[in-house]
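These notes concern the structure reproduced below.
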Amino acid sequence: MSRTITRAPNPDPAAPDWTDADCPVARTLDLVGDKWSLLVIRDAMDGARSFTEFQRRTGIARNILTDRLRKLIAHGLLAQRTAPSGRRQEYVLTDAGRDLFAVILTLRQWGERHAFAPGETHSTLVDQHGTLVPEIALTGADGTPLGTDTTHVRRTR
């Protein structure tokens, strides 16, 4: 049985630990904006559960991995539980961690388009039937494609 650890970010918008207290993008980056955190989340989504697995898959130094795992647990993105063997602890995604799937998928698809030369070999993401996951297409409530030219930020206050 997994034990979810939840700790909400500091709700005080004036808190000095937020880069930009009013911006959801900035707050998200404050929580998971370094490459190691996102790679740990990526690997957890791909089935990694143990410290050793995360280290092997990412090549991350032990001290950095320890720090990232602690932060991801503290922010409620991962939970730690006893492995089925009963001998070790394992790390599992919480609902908040699983909610980052669309973010990881969008980063993957951007990388497929912009981080590889044409024809260069790279990993692919497939569904449970082995079919390539389709491109994410953002649309408004009326079906109109969304982009930087069709959206804007509305400040609340």
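All you need for the numbering used here is the position in the sequence shown, starting with 1, plus 67. Even glycine gets a Cβ: it sits at the ideal position worked out from N, Cα and C. Just so it is clear, the structure is predicted and the values come from calculations on it, not from any experiment.
Cβ-based neighbour list, residue i, same chain, cut-off 8 Å, excluding 5 preceding and 5 following
{"i": "Leu192", "result": "Leu172, Arg175, Leu199, Val200"}
{"i": "Arg70", "result": "Residue placement at Arg70 cannot be trusted, given a pLDDT of 39 that sits under 50; the coordinates are not used to answer."}
{"i": "Ala169", "result": "Ile203"}
{"i": "Ala150", "result": "Arg116, Ser117, Gln156, Glu157"}
Residue from the options with nearest C-alpha to residue i
{"i": "Ser152", "options": "Ala182, Ser117, Asp87", "result": "Ser117"}
{"i": "Asp162", "options": "Asp194, Thr188, Ile108", "result": "Ile108"}
{"i": "Thr95", "options": "Arg222, Leu167, Gly197, His181", "result": "Leu167"}
{"i": "Thr217", "options": "Asp194, Ala208, Thr223", "result": "Ala208"}
CB contact flag (residue i, residue j, <7 Å)
{"i": "Asp110", "j": "Arg124", "result": "yes"}
{"i": "Arg148", "j": "Ser104", "result": "no"}
{"i": "Gln122", "j": "Leu106", "result": "no"}
{"i": "Arg114", "j": "Leu144", "result": "Correcting the residue identity first, residue 114 is Gly in this sequence and not Arg. Going by C-beta atoms, Gly114 is not nearer than 7 Å to Leu144."}
{"i": "Ala93", "j": "Asp84", "result": "no"}
Cβ neighbour criterion (16 or more within 10 Å) applied to residue i
{"i": "Leu205", "result": "exposed"}
{"i": "Leu98", "result": "buried"}
{"i": "Leu139", "result": "buried"}
{"i": "Leu160", "result": "buried"}
{"i": "His219", "result": "exposed"}
Cut-off 6 Å between Cβ atoms - residues of its own chain near residue i, not counting five sequence neighbours on either side
{"i": "Ile127", "result": "Trp103"}
{"i": "His189", "result": "Phe183"}
Residue(s) in a DSSP beta bridge with residue i
{"i": "Arg148", "result": "Glu157"}
{"i": "Thr206", "result": "Pro212"}
{"i": "Val193", "result": "Leu199"}
Close Cβ partners of residue i (< 7 Å) along its chain, the five nearest in sequence each way excluded
{"i": "Tyr158", "result": "Ala111, Arg116, Leu136, Leu145, Gln147"}
{"i": "Glu202", "result": "Gln176"}
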